[in-house]
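Chains as they are written, first to last, in the numbering used here: chain B, -14 to 388; chain S, -14 to 388.
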């Protein structure tokens, strides 16, 4: 049972603070030469101290064997049942840039791409064009594309990533992706996945036709690919459910999006450096009860297969841990949303370490922050959606259940 | 949540192979003199190597404390919720010999037995008559027993075990067993367990009366005992759900029955020797993605209380493990459907070891194949119905879930 259901009626307010650090994709697989994972290879004296002081365990992000997307994995960490709440990429993108979605909207993630003369995709990311160019192209599309009966929003996100929102009555999100997921083939046609999506699919087709025309002379971004059509999601607010003032410190739009969806305040960091994230934590510490701090780069390096660089990034996170301890929060949690082993180059199902540190912790014998050591941790192995109950308990924010 | 539900929408085809070995009843209890279980007593250098290379854990066949029948335990191993799918012994027996059941059929397991002059059962297995004699008696019953309005099938299975099928409209499987489960008492009367089963119960009574008459002068098989009345089960196909070509290598009819019910191809071994099962594996290896290899004798020896012989049989299985490794499958799984401790002489609830070996495994520190060592395995302890999700993940056969 997910935390948000378990704790219903038990949550009480308290004067305690929780810092919740997610090292994205931190879990790994052993390097063939050393037999050690990224976490086992990294020198992490500070995380090891937390492991020794705290209680440790392993989390299955969703269920044993399931590799999650980032959105769903974070929802689970915050206590939402990942089988109950579906959120599409389009909605995550919209919330990520703070776009105020309405009930009647349909949003999609839009990537600028490059197609050749015969219309085949040759770069799904248009050479990762700079955000400024992206913004310019979005402006251009907004001005020239017209769709009968719907209002159109085309907003830049970051690099080659943008957001498309159609606003109007009777729109459906049951439209298939146009991103073929590969190069050397043309974009897919948007198809209605349900009868009621027929008109939306036609509108998207018309949009794409006009985009192609408008971007014809652009280089390299002469086309767009759409995926994750989604309506506005309806998720209970984490702040209300847990009676806490919650904040999110993240540099990457998707995580801000998920955080905003469940009611967190999203704090601007102003850079992509993790040191600035920890400085931001210090700055806002007094104003919040629960602060989620997200580290992105460990995941990206895992996806790129860069074992050594991921190790270095873990060490850089470790070096910032004393900044958290100095604040002396009642509870520190360090975990990951899923594993991204450099040897697998993708999100994986392997369980991730979790440590809870605080005054009310009953410690175990674990003294090193790693997947293998945490097997014998006192928290055991459990599903991420159950974690928040433990976190709230250690922050003295749950009453007794039953007579 | 059972694997077959969890993986819905995530299964993808892949060019990977899985060998799934079930050592029936392998789990045990410590011998009073040595304090070691059957697995701990056996010399198993090859299984130990798998434990060292792989990731280990303990499976509860159904739930903590529940001792399962073979059919249900295997369904759980293959990812079916054991509380959702009921399959009667009659249906297992029918599928075990490849009898093509129809929707309107009711099948029951039929054991030849010996009764004394006053009608009390003195041997529930009729001295385990040879299969040839069994076939002869079935022929005799087919010829002489007549039932009004239903077609009758009486088929030999093995030794003293046979199959009874009634075919006709309006039949019900809500009929009680006639096997008293003990000697010195008469067979029980078949009772209707629901109003709609009244006619079926009457038909079974008439059948038994005619059997008694027909077998009157037979020795020792002068009666039959019926149990597990069952309609044709309706189970999703494992091959379709997991998008794999699945095969079963087993020597014992019931396991073939369960495998056939969920869509596996059942391969003839041609003998009862486990060496021949491993040879069969080699022979069919190229034609399948998932091969289930079942070892029966460990269970039978456990039920007979033969500790030392069960140890020897485990060692014989161990000696065959290199034949699997030589094939170099992407994933090797070794586990059991339940424990059958020689000291308990029955299926028990004690959890069973499971090891997964493959390229994508994140190993733990376990180096010995045994119940006690696997307690600290990296897979932890979980219910068998969740195993297939992990197996498919390690075979790279699952896509990511969610955005």
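Backbone N, C-alpha and C fix where the C-beta goes; we use that ideal spot for every residue, glycine too.
What you are looking at is a predicted structure, and each value in this text was computed from that prediction instead of being measured.
For residue i: DSSP bridge partner residues
i	result
residue 317 (chain S)	S:4 and S:342
residue 233 (chain B)	B:251 and B:277
residue 365 (chain S)	S:42
residue 337 (chain S)	S:44
residue 326 (chain B)	BP columns for residue 326 (chain B) are empty, so no partner.
residue 12 (chain B)	B:324
residue 53 (chain B)	S:386
residue 286 (chain S)	The partner list for residue 286 (chain S) (beta bridge, DSSP) is empty, contrary to what the question assumes.
residue 146 (chain S)	S:96 and S:143
residue -4 (chain B)	B:383
residue 151 (chain B)	B:91 and B:137
Limits of the unbroken alpha helix (DSSP H) element including residue i
i	result
residue 132 (chain S)	Segment: none, residue 132 (chain S) is in no alpha helix (DSSP H) and carries neither H nor E.
residue 243 (chain S)	238 to 246
residue 303 (chain B)	292 to 312
residue 379 (chain S)	372 to 379
residue 383 (chain B)	Careful: residue 383 (chain B) lies outside any alpha helix (DSSP H) and carries neither H nor E.
residue 27 (chain B)	Per DSSP, residue 27 (chain B) belongs to no alpha helix (DSSP H) and is neither H nor E.
residue 270 (chain B)	Element bounds for residue 270 (chain B): n/a, residue is neither H nor E.
residue 357 (chain B)	356 to 359
residue 226 (chain S)	223 to 227
residue -9 (chain S)	-12 to -9
Residue range of the unbroken beta strand (DSSP E) whose run includes residue i
i	result
residue 143 (chain B)	136 to 143
residue 214 (chain B)	208 to 215
Neighbourhood of residue i by C-beta distance below 6 Å, restricted to the same chain and skipping five residues each side
i	result
residue 150 (chain S)	90, 92 and 138
residue 39 (chain B)	340, 341, 342 and 346
residue 157 (chain B)	181, 182 and 185
residue 171 (chain B)	104 and 105
residue 58 (chain B)	46, 322 and 323
residue 279 (chain B)	7, 235 and 240
Contacts around residue i, its chain only, beta-carbon distance under 8 Å, and the 5 residues preceding and following it disregarded
i	result
residue 178 (chain S)	159, 160 and 161
residue 28 (chain S)	300 and 303
residue 245 (chain B)	80, 81, 83, 233 and 251
residue 135 (chain B)	151, 152, 153, 156 and 188
residue 14 (chain S)	22, 324, 326, 327, 328, 329, 333 and 335
Minimum Cβ-Cβ distance from residue i to chain C less than 8 Å
i	result
residue 295 (chain B)	Of the chains in the structure shown, none is chain C; the protein chains are B and S.
Residue i burial status per 10 Å Cβ neighbour count (16 or more: buried)
i	result
residue 222 (chain B)	exposed
residue 140 (chain B)	buried
residue 20 (chain S)	exposed
residue 352 (chain S)	exposed
residue 204 (chain S)	exposed
residue 30 (chain B)	exposed
residue 359 (chain S)	buried
residue 284 (chain S)	buried
residue 333 (chain S)	buried
residue 269 (chain B)	exposed
residue 201 (chain B)	exposed
residue 277 (chain S)	buried
residue 6 (chain S)	buried
residue 229 (chain S)	buried
residue 23 (chain S)	buried
residue 167 (chain S)	exposed
residue 194 (chain S)	exposed
residue 386 (chain B)	exposed
residue 249 (chain S)	buried
residue 74 (chain S)	buried
Cβ shell of residue i (< 7 Å), same chain only, five flanking positions each side left out
i	result
residue 291 (chain B)	327
residue 191 (chain B)	132
residue 305 (chain S)	259, 260 and 263
residue 314 (chain S)	2, 3 and 4
residue 265 (chain B)	234, 252 and 254
residue 143 (chain S)	116 and 238
residue 56 (chain S)	72, 77, 239 and 243
For the region 153 to 216 of chain S, list the alpha helix (DSSP H) runs that are entirely contained and at least 4 residues long, ordered along the chain. 183 to 199
In chain order, each alpha helix (DSSP H) run of at least 4 residues that lies wholly inside the region 61 to 143 of chain B: Listed in chain order, the complete alpha helix (DSSP H) runs (minimum 4 residues) inside the region 61 to 143 of chain B are 74 to 81 and 116 to 129.
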